[in-house]
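Here's the structure, in structure tokens; my notes come after.
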Amino acid sequence: MAVQHWLESLRAAKKTCILQDGRRKVHFLFSDGKEMAEEYDHKTHELLVRKWKQKSALGAYGQWLIEVGEAAPPVVGVLQPDFLKENSSNPVFMRKDTKTSFQWRIRNLPYPTEVYSVTADKKERCCIVRTTNKKYYKKFSIPDLDRCQLDLDESALSFAHANNTLIITVSIDQWTD
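Throughout the sequence shown, residue numbering follows our numbering, covering 1 to 177 in sequence.
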């Protein structure tokens, strides 16, 4: 039922599409005032970026919240409102989807594979990444599953570590059968 509701809201949304720089950019404006923008590679049709924006309680638009993909790097030479810069060795968390799975990448994690634990919390509907040395802990939800009210099965979770990057994969085969 929730899947049907999500599909109906997508169909009812006002849509705009442009082709620019080898990307197909689609903008959705929903009846509740929320906006969603998606960018696809024109040749492979792979989802590169999905971001959301909604009005605050006072009616002003906030910043775009990136759900899939990476935030655009800040323009060099433009004075930023804050003068503090994040350390480049901090872990960087991002999502990248494929046709068969949801995938998250956490860069700048130097620990060996056996240190990591990735679990699914059914009660809070989220995934939890932790290390046995207690140096890293992260909880994250899967908005696609929340929108369709689907449950996450821990058997669909897997992870790998290479080049200081932890790659967490959730196979979508269990929902497409």
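Don't be surprised by glycine CBs; every beta carbon is placed ideally from N, CA and C.
The three-state secondary structure of Ala-13, taken from DSSP, is coil. Taken through DSSP and simplified to helix, strand or coil, Thr-113 comes out as helix.
The beta carbon of Asp-97 is closer than 7 Å to those of Leu-47, Val-68 and Gln-103 in its chain, skipping five residues each way along the sequence.
If you keep only unbroken beta strand (DSSP E) runs of at least 3 residues inside the region 21 to 53, you get 23 to 29, 35 to 41 and 47 to 53.
Going by C-alpha positions, Lys-15 is about 10 Å away from Glu-35. Asp-41 and Gly-22 do touch by the CB rule: their CB atoms are close to 7 Å apart, below 8 Å. Lys-25 is a Cβ neighbour of Glu-39, given a cutoff of 8 Å. Non-local C-beta neighbours of Leu-19 in its own chain, meaning closer than 7 Å and more than five positions away in sequence, comprise His-42, ordered along the chain. Around the beta carbon of Cys-127, 16 or more other beta carbons lie within 10 angstroms, which makes this residue buried. In its chain, beyond the 5 residues on either side, Tyr-111 and Val-115 have a beta carbon closer than 8 Å to the beta carbon of Asn-133. Collapsing the DSSP output to three states places Gln-103 in a strand. Across the set Asn-87, Arg-125, Leu-10 and Pro-91, the C-alpha of Arg-125 shows the shortest separation from the C-alpha of Ile-142.
Assigned with DSSP and collapsed to three states, Ala-57 falls in coil, not helix or strand. If you compare the alpha carbons of Asp-121, Ala-162 and Ile-106 with that of Ser-155, the shortest gap goes to Asp-121. Across the structure, Arg-107 and Lys-139 are spaced so that their CA atoms are roughly 16 Å apart.
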